[in-house]
Amino acid sequence: MPFSDSNATAAGLCNFVDVSPSPFHVCRTVSVQLEEVGFVRVEETAAWPTEVGRYYLIRGGSLVAWSTESDSHEPGLSGSTPGDSGHSAGSTPGGFRIVGGHTDSPNLRVKQNPDLESAGWQIVGLEPYGGAWLNSWLDRDLGISGRLSVRDGNGLREVLVKIDEPILRVPQLAIHLSEDRKGVTLDPQRHVNAVWGLGNSPRSFLGYVAEREGVDPSAVLGWELMTHDLAPSAVVGVENELVSAPRLDNQATCYAGTQALIAAVENPTTATPVLALFDHEEVGSMSDRGAFSDLLNTVLERIVLGRGGGREEFLRTMAASICASGDMAHATHPNYPDRHEPAHRIELGGGPVLKVNQNLRYATDSVGAGAFALACDQAGVPLQRYVHRADLPCGSTIGPITASRTGVSTVDVGAPQLAMHSARELMGASDVAAYAAALAAFLAPAR
Ligand code: ZN
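Just so you know, we're using my numbering here: the sequence shown kicks off at 1376 and counts up by one.
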């Protein structure tokens, strides 16, 4: 039975996070795991596959993966009765079962003209991406990752960057130099630049990165570069109950969703399982590859067209679909219990979390809640129900966006954690396997 070894699943998450410092690396890590079980990459510019199979597609830092093997049991529409052509007006399509998530995490990113000098230091100009908790980025040994757009003849090619060495550091001010010894308020313009050496003559940061990746510095025409903490992820706590790692929001969902899809394709049902991992959630999802884009709708329509269906069948399939938007959930903090809704205590190790917000910061309605609660029941894992304090502004997810863009009934779920948006976050070790098991049951609903 998959996920029965929760220690191994937690260790798997640690490995996943450590090799995935940027959204582009998340896509690559997921693709490697999917290809091991027979998934084949599809290019958006190529003809769509018409054969039944397991596929995935990458657009920048976003990835969508699916299997059409569920359809192979019966001709035509999934869910049609045996012997039926599958296209008759009376048959009900099986629909898509979609697990969504996001590949990006808040961090410090490299500016376009990064080479600065100050007080005899060589500085790299950084700025925050998303709602980074800036204090947590101080005094850490930082590596560099992302991608370069490199001139290749008259065209361009992409080069992934991953430098796992302590090149950069954002040093904190000494407590003796703060005005009241209570710490300083960090200014995102002035206080998060990194030092990377001594001396008054600035060296070229981009030149350094290019040379490290074996690229002619003058050929680098564009870049998306970011920093990551080099401390390895770890299973911690007196009984090894906890996972301490960067980027748990939302790589815990990327990892659990990938493991869930791999388990679900071994157990095909009438539904078509889909994993949709979007970049740019932390900055509003509005991009070519964010949840606001056409990415998911386009892939879902091409899946139906690829199996010989038309627009009518696509729309009927969408109407029969349901999406679990996976993102992390706030566990009740032992040092700040008053920041939480007292009747909704959320525990690490307590299992997946269903997130409900009356003002639709989460997309959950009773239909989606029912579907996910049923999946948890079938997976044999407990379910916790989260409500944000009514007097605090609630965060959001890709859930309301994908629900609006697709018209698909959506439920917001997650795994509990502390220290969301810190450079180092904390979750329960057993929750990784419980979350993956619940998502697997959701992707492959019992007939
Ligand atoms: Zn998130």
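All C-beta atoms, glycine included, are put in the ideal place defined by N, C-alpha and C.
| Asked | Found |
| --- | --- |
| Check whether the Cβ atoms of M1703 and G1789 sit closer than 9 Å, and answer yes or no. | yes |
| Which residue wins for smallest C-alpha separation from W1598, given the options F1667, A1569 and G1521? | G1521 |
| Of the choices H1763, L1561 and S1668, whose alpha-carbon is the least far from that of P1712? | H1763 |
| What do you get for M1601, buried or exposed, if any count of 16 or more other CB atoms within 10 angstroms of its CB means buried? | buried |
| Is M1703 near the ligand ZN - that is, is its Cβ less than 8 Å away from at least one heavy atom of it? | yes |
| Closer than 8 Å: is that where the CB of E1800 sits relative to any heavy atom of the ligand ZN? | no |
| Can you look up S1668 in the DSSP assignment and give me helix, strand or coil? | coil |
| Grouping DSSP H, G and I as helix and E and B as strand, with all else coil, what is E1586? | helix |
| Go to V1407, then tell me how far its beta strand (DSSP E) extends in each direction, as first and last residue. | Unbroken run through V1407 is the alpha helix (DSSP H), P1398 to E1410; no beta strand (DSSP E). |
| Whose C-beta lies closer than 6 Å to the C-beta of S1463 among residues of the same chain, with five residues either side of it excluded? | Model confidence at S1463 stands at a pLDDT of 45, short of 50, so the residue's coordinates are unreliable and nothing is read from them. |
| Measuring CA to CA, which of G1518, R1736, F1653 and A1494 is closest to N1482? | G1518 |
| Buried or exposed, going by whether 16 or more other CB atoms sit within 10 Å of the CB of D1604? | buried |
| Look at A1440 and L1432 and say whether their C-beta atoms are less than 9 Å apart. | yes |
| Please confirm if the stretch 1681-1691 is in contact with the stretch 1747-1758, defined as three or more CB-CB distances below 8 Å between the two stretches. | no |
| Should H1763 be counted as a contact of the ligand ZN given a C-beta to heavy atom distance under 8 Å? | no |
| Please classify S1379 as buried or exposed, where buried requires at least 16 neighbouring CB atoms within 10 angstroms. | exposed |
| Buried or exposed: E1410, going by 16 or more other Cβ atoms within 10 Å of its Cβ? | exposed |
| Below 6 Å CB to CB, which residues in the same chain sit around R1736 once its five sequence neighbours on both sides are set aside? | C1769 and S1771 |
| For the stretch 1525-1544 against the stretch 1504-1512, are there 3 or more C-beta pairs whose distance is under 8 Å? | no |
| For H1400, is the beta carbon positioned less than 8 Å from some heavy atom of the ligand ZN? | no |
| Taking only heavy atoms of the ligand ADP into account, decide whether any of them is closer than 8 Å to the Cβ of D1624. | Among the ligands in the structure shown, the ligand ADP does not appear; only the ligand ZN can be found there. |
| Pick from A1744, K1537, G1436 and Q1634: whose alpha carbon is nearest that of V1731? | A1744 |
| Could you compute how far the alpha carbon of M1802 sits from the alpha carbon of N1575? | 43 Å |
| According to DSSP, what are the bridge partners of I1498? | L1491 and V1570 |
| Please confirm whether any heavy atom of the ligand ZN lies closer than 8 Å to the CB of T1777. | no |
| In the DSSP assignment, what are the bridge partners of E1836? | As shown, the chain starts at 1376 and ends at 1822. That puts residue 1836 outside it, with no answer to give. |
| Considering only DSSP beta bridges, list what E1533 is partnered with. | S1524 |
| Does any heavy atom of the ligand ZN sit closer than 8 Å to the C-beta of H1477? | yes |
| With a threshold of 8 Å, establish whether the CB of T1772 neighbours any heavy atom of the ligand ZN. | yes |
| Distance, Cα to Cα, R1664 vs Q1626? | 17 Å |
| May I ask you to verify whether the stretch 1636-1651 touches the stretch 1395-1412, counting CB pairs closer than 8 Å and requiring at least 3? | yes |
| Among residues of its own chain, excluding the 5 on either side of R1691, which ones have a beta-carbon nearer than 6 Å to its beta-carbon? | P1468 |
| Between P1563 and R1799, is the Cβ-Cβ spacing less than 9 Å? | no |
| Relative to the C-alpha of P1791, which residue among G1782, A1811, P1727 and S1579 is closest? | P1727 |
| Can you name the start and end residues of the alpha helix (DSSP H) that Q1634 belongs to? | L1623 to V1640 |
| Could you give the distance in angstroms between the alpha-carbon of G1500 and the alpha-carbon of D1516? | 16 Å |
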